[in-house]
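Report on the structure given below.
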Amino acid sequence: GYTPVVVARSPESFAFTIPMENREEWRARLEKTSFVTQSENQTLQEALQEFDNFDVVINLSPNKTDTAELLHLCESWKVDRFVYLSSLQVYGAEQYLECTEDTAWSDTVMRTEEIFKNKGEWRESEKMLKDSNVPYTILRSGYIVGPHANNSLENWFFKRHYYELPIVIPGHGQQIVGLVHQKDVASAVNLALKTSKAAGEAFNLQGGVISLDGLAWETGKVCERKFDFVISDEDAYLIHYDERQFIASMDKRHQWPIPVHGHCFASTEKAKKILKWKPEFTNVTSILRDSYTWDGRLWRDELENKYEREQEKLKRRFRMRDYMLDMMVLENPHKQVAQEWVMPIITAVRELGSPDELWLDSGKTWKWE
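The numbering used here puts the first residue of the sequence shown at 22, with every later residue one more than the last.
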């Protein structure tokens, strides 16, 4: 019964169709929705100046500044509910059992947080909500997967399978992570708005769990990668590396697609009991298969069409732009780690391509043009 108003900083965010949505349905949905583009130098209040009031607010941004501005506006709007999409990452490292909503947050700060700072943003945003007078519901999701998903975790794997490349994975690869389909996240948001008992509560959302190594294997099976070696020979397929050796030299765009803090999975019994949440995608295979069906094949067909015109040139350009981390790891075996993994103590790094026997004394940092 709501008339949606979508605010984004990029107008391209409004153009996507939803899986199984035809052109007529897409146009009908756009006609019922108001779209607002917030420019870089524009406050949210300025972007929404033509609107007097809102009944509910759904905040998908991890940015604590966005949350603070929204909360300030919500106090004048007198909203019925503020739904905030947080993450299971707020629980932090050193979690060895599945987290419940009451699990204490770990104070351990991981090196990857120098690049991936969302965990702190989510935590600060949650604290602001709890200290406010606005009726809120917090949804802590696992890694969101599905067509047009913002993070595109699964496509990172699918594209490497397409080129039949080895998969580079930080650490030992046995870290367990929870995945959730974006359709099930949308369902939880809808239920949170309808459920009065959800006010002032936090809920975990997760559809399936898998290790990072398992994710590499499962995405390969889903996209039907043709293996030309014995599938049990992991050394030929998975390459593990010490991620601390690459963080300082690469920006977020060229890091591994998600921050690896340790295990990241949770119990969803509270959401199922109070929200009556019933996820449609309840295992990793079904989540990945749906994403590949509606999203993965689109970019694959696009790439194949490009290769028909100028195959080798485009292939080289694509790899150089998107596979910097892969090439660094593969060309520097001393920074790889064995499958039976113990974090090595390495204090020096070297320039790309320098001889192995020189690296310990180099004291140099990575350079990449």
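Every residue, glycine too, gets a C-beta built ideally from N, C-alpha and C.
Bear in mind that the values here come from a model prediction, so they are computed numbers and not experimental data.
- Query: If you compare alpha carbons, which of Val-305, Lys-99, Asn-353 is closest to Asp-263?
  - Reply: The closest CA to that of Asp-263, considering only Val-305, Lys-99, Asn-353, is found on Asn-353.
- Message: Checking the sheet assignment: what are the DSSP bridge partners for Leu-200?
- Response: Leu-200 is bridged by DSSP to Tyr-164, Gly-229.
- Exposed or buried, Ala-13, counting other C-beta atoms within 10 Å across all chains shown (16 or more means buried)? Past the boundaries of the shown model lies residue 13; the chain is included only from 22 to 390, so the question cannot be answered.
- Alpha carbon to alpha carbon, what distance is there between Leu-351 and Thr-124? Each residue's Cα considered, the two are about 38 Å apart.
- Query: Between which two residues does the beta strand (DSSP E) carrying Thr-88 extend?
  - Reply: Annotation for Thr-88: no beta strand (DSSP E) segment contains it, though the alpha helix (DSSP H) segment containing it runs 85-98.
- Item | Residues that DSSP places opposite Ile-260 in a beta bridge | Beta-bridge pairing links Ile-260 to Val-189.
- Message: Rounding to the nearest angstrom, what Cα-Cα distance links Val-251 and Val-230 in this structure?
- Response: Note on Val-251: pLDDT 48, under 50, position unreliable in the model; the coordinate value appears next. So the two alpha carbons sit approximately 25 Å from each other.
- Taking Cβ to Cβ, would you say Val-210 is nearer than 8 Å to Val-104? Contact: yes.
- Item | Boundaries (first-last residue) of the alpha helix (DSSP H) holding Ile-308 | Segment 305-312, the alpha helix (DSSP H) holding Ile-308.
- Query: Do you know offhand how far Ile-367's Cα is from Ile-190's?
  - Reply: Its pLDDT being 30, under 50, Ile-367 is placed unreliably by the model, and the measurement read from it follows with that caveat. Cα atoms of Ile-367 and Ile-190: separation of roughly 18 Å, rounded to the nearest angstrom.
- According to DSSP, which residues form a beta bridge with Ile-79? Partner(s): Val-104.
- Exposed unless 16 or more other CB atoms sit within 10 angstroms - verdict on Ala-207: Burial check for Ala-207: the Cβ neighbour count within 10 Å stays below 16, so the residue is exposed.
- Message: Going by DSSP, what residue range makes up the beta strand (DSSP E) through Ser-55?
- Response: First-last of the beta strand (DSSP E) with Ser-55: 55-58.
- From the DSSP output, which residues share a beta bridge with Tyr-157? Beta-bridge pairing links Tyr-157 to Phe-103.
- Starting from Ala-223, follow its DSSP beta bridges and name the residues at the other end. In the DSSP output, where bridge partners are listed per residue, Ala-223 has Ile-159.
- Message: With H, G and I counted as helix, E and B as strand and the rest as coil, what does DSSP make of Ala-125?
- Response: When secondary structure is reduced to three states using DSSP, Ala-125 falls in the coil class, being assigned neither helix nor strand.
- Message: Mapping the DSSP letters down to three states, classify Ala-29 as helix, strand or coil.
- Response: Looking at Ala-29 - three-state DSSP - the assignment turns out to be strand.
- Task: Count the other CB atoms, across all protein chains shown, that sit within 10 Å of the CB of Asp-316; report buried if there are 16 or more and exposed otherwise.
- Result: So Asp-316 ends up on the buried side.
- Message: Once DSSP output is grouped into helix, strand and coil, what is the label at Ala-237?
- Response: Helix.
- Message: With a threshold of 8 Å on Cβ separation, who are the neighbours of Ala-68 within its own chain once the five nearest residues in sequence on each side are excluded?
- Response: Only Val-28, Val-57, Thr-58, Gln-59, Ser-60 meet the Cβ criterion.
- Item | Under the three-state DSSP convention, the category Ala-170 falls into | In the structure shown, Ala-170 falls within a coil segment according to DSSP collapsed to helix, strand and coil.
- Reducing DSSP to helix, strand and coil, say where Ile-367 ends up. Bear in mind that the predicted position of Ile-367 carries a pLDDT of just 30, short of 50, making it unreliable; the figure below should be weighed with that in mind. Residue state, collapsed to three classes: coil.
- Going straight from the alpha carbon of Lys-294 to that of Lys-218, what length do you get? If I take the Cα positions, the gap works out to 11 Å.
- Task: Alpha carbon to alpha carbon, how far is Gln-70 from Glu-119? Give it in angstroms, no decimals.
- Result: If you take the alpha carbons of Glu-119 and Gln-70, they lie about 44 Å apart.
- Query: What do you get for Phe-224, buried or exposed, if any count of 16 or more other CB atoms within 10 angstroms of its CB means buried?
  - Reply: Buried: at least 16 other Cβ atoms inside 10 Å.
- Quick one: what's got a C-beta closer than 6 Å to Pro-83's C-beta in the same chain, skipping five residues either side? Its chain contains Asn-139, Glu-142, Trp-143 as the residues whose beta carbon lies nearer than 6 Å to that of Pro-83, once the 5 sequence neighbours on both sides are disregarded; these appear in chain order.
- Cα-Cα, which of Met-41, Asn-62, Tyr-183, Asp-347 is closest to Arg-30? When only C-alpha atoms are compared, the closest one is Asn-62.
- Where Leu-94 and Lys-85 are concerned, what is the direct C-alpha to C-alpha distance, given to the nearest angstrom? For Leu-94 and Lys-85, the distance between alpha carbons rounds to 14 Å.
- Query: Which residues mark the beginning and the end of the alpha helix (DSSP H) in which Glu-142 is found?
  - Reply: Boundaries of the alpha helix (DSSP H) harbouring Glu-142: 139-152, taken from the DSSP string.
- Message: For Ala-292, tell me which candidate among Leu-346, Met-349, Trp-98, Asp-205 has the shortest Cα-Cα distance.
- Response: Residue nearest to Ala-292 within the set Leu-346, Met-349, Trp-98, Asp-205 is Asp-205 (criterion: CA-CA distance).
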